[in-house]
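First to last, the protein sequences are chains P and D. All residue numbers in the first sequence are consecutive under my numbering, ending with 207. All residue numbers in the second sequence are consecutive under my numbering, ending with 414.
2 protein chains.
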Amino acid sequence: MLDAGARVFCGEGFAGANIDLIAVEAGVSRQTIYNHYGDKDKLFAAVVGEITERCTARAFAVLGTFPDHPADLEADLTDFAIRFIRNCVCDRDGKFLRKLIHMEGERHPELFASWRIGGPGKVWSALAARFARLAFAGFLDIDDPDVAARQFFSLIFTDLQIPSMFGEVLSDEELARSASIAVGTFLRAYGRRKAGAEQSRETALRA
Amino acid sequence: MLDAGARVFCGEGFAGANIDLIAVEAGVSRQTIYNHYGDKDKLFAAVVGEITERCTARAFAVLGTFPDHPADLEADLTDFAIRFIRNCVCDRDGKFLRKLIHMEGERHPELFASWRIGGPGKVWSALAARFARLAFAGFLDIDDPDVAARQFFSLIFTDLQIPSMFGEVLSDEELARSASIAVGTFLRAYGRRKAGAEQSRETALRA
DNA sequence: GACGAATTGGACAAGTCTGTCTAAAAAAAT
DNA sequence: ATTTTTTTAGACAGACTTGTCCAATTCGTC
């Protein structure tokens, strides 16, 4: 029911969404929707709330797989990036949420306020904590972990943003290549570079 | 007229946009709109075309101010980033276009096809050429200029994406700080690192 | 001033959508 | 098996939009 709402709202926008269509897609009668949610606005709010919740839950689940003790830093970070993109950013909920925010974020910012503080706010700060730990353990050289976390996310999303806007499906290969390039650059910026010997080893490995 | 269309389409989405409202905002009668553009779809196409054209034109204008012979690489790149963001990404047209693509890109991809090849396609490849020149001149250490160009854009947009989605206006200070952080990371990844002496000079400057 | 073209305001039909109402049917609970 | 709750199908009023038509008016130009 909320699922059908998400599909239709996302496809047609709030104004263009047709409650009859949502009812059909959900396999219930229109009246049932009105019984449950009252009116279109409340249904929309419920849809946004549901997706927000699922999205942040999933993001934290994936955060739990962060490589705190990496064997191969670059490979492990790349795998993590792929998991994150697949499950939180380019999955259906992630696309829905991004699109809904773009469409209605300016008109109904209050609907997305909880996403803003509970989503990016908390996820990035949690990711920053993981990066800080890696830096402390000597795997990375980071000044500001919060900045690094935001940039990590931005880099791994670089080449997927435009295809995602047009609803194109991304193959595993594209995704892996994109993640690998992004992590490569991330490590060029934040890879350990302190001691001379250590650095040359790093550089050799990277090349 | 197209301007009023842009405002309304962008605010309400294609389905929610009201032609009467566009007419009022444009200061003409509804009939005049129908005389000029035929119907709602054609008006929308005209609006998208207009904005696309203005956007890419501006992007190339700003590209002309790229620091080919930088006195202070970091400062010059930061200024360039600020110009680019201000005039091409966070200006009214840029925001409109991004929003329209998110809202209607999946339903009417053909409308944005010319943007896709003429906009990001050409702009990034032109930006890549500039970076390649900087690398050739010894200012940067870049493997793939196209990747560097895309990542440069991605980095300078990192902290502005979310505020921009909610229609928030960005102060010059926020913008400058964001650009400075982004260029700092970009140079950590792509700054010259070949010769030992040269590199230490770079590192000293950067610190 | 006069003439042709463009613009205007308003009326209009046809269609869509929301939200309500009702009586019948189905499901759940006792 | 009976009662209570929920769901369903359909009709319906009210509102809103699009796109068309038309007579009156304004504008630009000669």
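Ideal placement from N, C-alpha and C gives every residue a C-beta, glycine not left out.
- Query: Considering only residues of the same chain and omitting the five flanking positions on each side of residue 20 (chain P), which have a CB-CB separation below 8 Å?
  - Reply: 30
| message | Please confirm whether residue 216 (chain D) has its beta-carbon closer than 8 Å to some beta-carbon of chain P. | response | Closer than 8 Å: no.
- If we count Cβ pairs, one from each stretch, closer than 8 Å, do we get three or more for the segment 359–379 of chain D versus the segment 387–399 of chain D? yes
Looking at the strands, I want to know which residues DSSP matches up with residue 398 (chain D).
D:347
Starting from residue 374 (chain D) and walking both ways along the alpha helix (DSSP H), at which residues does that stretch end? Taken as a continuous stretch (DSSP letters only), residue 374 (chain D) belongs to no alpha helix (DSSP H), as it is neither H nor E.
### Task
Give the single residue among D:273, D:371, D:264 and D:223 whose Cα lies nearest to the Cα of residue 337 (chain D).
D:273
Comparing C-alpha positions only, which one of D:389, D:263 and D:301 sits nearest to residue 217 (chain D)? D:301
(Q) Does the contact criterion of 3 or more C-beta pairs under 8 Å hold for the segment 279–286 of chain D versus the segment 314–325 of chain D? (A) no
Considering only residues of the same chain and omitting the five flanking positions on each side of residue 235 (chain D), which have a CB-CB separation below 7 Å? 208
Practice problem: Thinking residue 310 (chain D) and residue 36 (chain P) are a contact (beta carbons under 8 Å), I'd like their distance in whole angstroms, please. | Solution: With a Cβ gap of about 27 Å, residue 310 (chain D) and residue 36 (chain P) do not count as contacting.
Which of the three DSSP states is assigned to residue 103 (chain P) in this structure? helix
Cα-Cα separation, residue 46 (chain P) to residue 96 (chain P): 14 Å
- Query: Tell me which same chain residues have a C-beta within less than 7 Å of the C-beta of residue 204 (chain D), skipping the five on either side of it?
  - Reply: Outside the shown range of chain D (208 to 414) lies residue 204 (chain D), about which nothing can therefore be said.
Buried/exposed call for residue 363 (chain D), threshold 16 Cβ in 10 Å: By the beta-carbon neighbour count (other beta carbons within 10 angstroms, threshold 16), residue 363 (chain D) is buried.
Check your understanding: Going by beta carbon distance, what residues of the same chain come within less than 6 Å of residue 342 (chain D), once the five residues before and after it are set aside?
Key -> 349
Should the segment 114–126 of chain P be regarded as contacting the segment 49–62 of chain P, the criterion being three or more beta carbon pairs within less than 8 Å? The answer is yes - the segment 49–62 of chain P touches the segment 114–126 of chain P, with three or more Cβ pairs under 8 Å.
Nearest CA to the CA of residue 125 (chain P): which residue from P:99, P:176, P:145 and P:133?
With respect to the C-alpha of residue 125 (chain P), the residue from P:99, P:176, P:145 and P:133 having the closest C-alpha is P:145.
Practice problem: Compare the C-alpha of residue 4 (chain P) against each of P:14, P:16, P:13 and P:23 and name the closest. | Solution: Considering only alpha carbons, the answer is P:23.
_Could you compute how far the alpha carbon of residue 284 (chain D) sits from the alpha carbon of residue 89 (chain P)?_
30 Å
Self-check item: Start-to-end residues for the alpha helix (DSSP H) that takes in residue 297 (chain D)
Solution: Where residue 297 (chain D) is concerned, there is no enclosing alpha helix (DSSP H), because DSSP gives it neither an H nor an E.
What residues in the segment 284–311 of chain D have a beta carbon less than 9 Å from any beta carbon of chain P? 305, 306, 308, 309, 310 and 311
Practice prompt. State the DSSP-derived secondary structure class of residue 14 (chain P), mapped to helix, strand or coil.
Written response: helix
How would you write the range of the alpha helix (DSSP H) that residue 279 (chain D) sits in, first residue to last?
-> Unbroken run through residue 279 (chain D): none, as it is neither H nor E.
Can you name, in chain order, every residue of its own chain whose Cβ lies under 8 Å from the Cβ of residue 201 (chain P), other than the five neighbours on each side?
At residue 201 (chain P) the pLDDT is 42, less than 50, meaning the model places this residue with poor confidence and gives no usable figure here.
Can you tell me where the alpha helix (DSSP H) holding residue 364 (chain D) begins and where it ends?
Where residue 364 (chain D) is concerned, the enclosing alpha helix (DSSP H) starts and stops at 352–364.
Worksheet item: Start and end of the alpha helix (DSSP H) containing residue 29 (chain P)?
Response: First-last for residue 29 (chain P): undefined, no H or E at that position.
According to DSSP, is residue 272 (chain D) part of a helix, a strand, or is it coil? coil
In the structure shown, what three-state DSSP assignment does residue 108 (chain P) receive? Residue 108 (chain P): coil per DSSP, three-state reduction.
If we cut at 8 Å on Cβ distances, does residue 147 (chain P) have a partner in chain D?
-> yes
Next on the checklist: Just to make sure I have the definition right: I need the residues of chain P whose C-beta is within less than 7 Å of the C-beta of residue 213 (chain D). Which are they?
Outcome noted: None at all; the shortest Cβ gap to chain P is about 14 Å.
query: In chain D, which residues lie less than 8 Å from residue 159 (chain P) when you measure between Cβ atoms?
result: 357
Give me the residue from D:382, D:233 and D:249 with the minimum Cα distance to residue 318 (chain D). D:249
Please say whether residue 220 (chain D) and residue 16 (chain P) have beta carbons closer to each other than 8 Å? yes
Taking 8 Å as the threshold (beta carbon to beta carbon), is residue 166 (chain P) in contact with chain D?
yes
### Query
Given residue 403 (chain D), which residues of its chain have a CB within under 7 Å of its CB, disregarding the five upstream and five downstream residues?
Low per-residue confidence applies at residue 403 (chain D): pLDDT is 42, beneath 50, and the placement is therefore not dependable, though the value from the model is reported in the following sentence. Answer for residue 403 (chain D): no residue qualifies.
**Message:** Please identify the residue among D:381, D:384 and D:390 whose C-alpha is closest to the C-alpha of residue 355 (chain D).
**Reply:** Nearest option by C-alpha distance: D:390.
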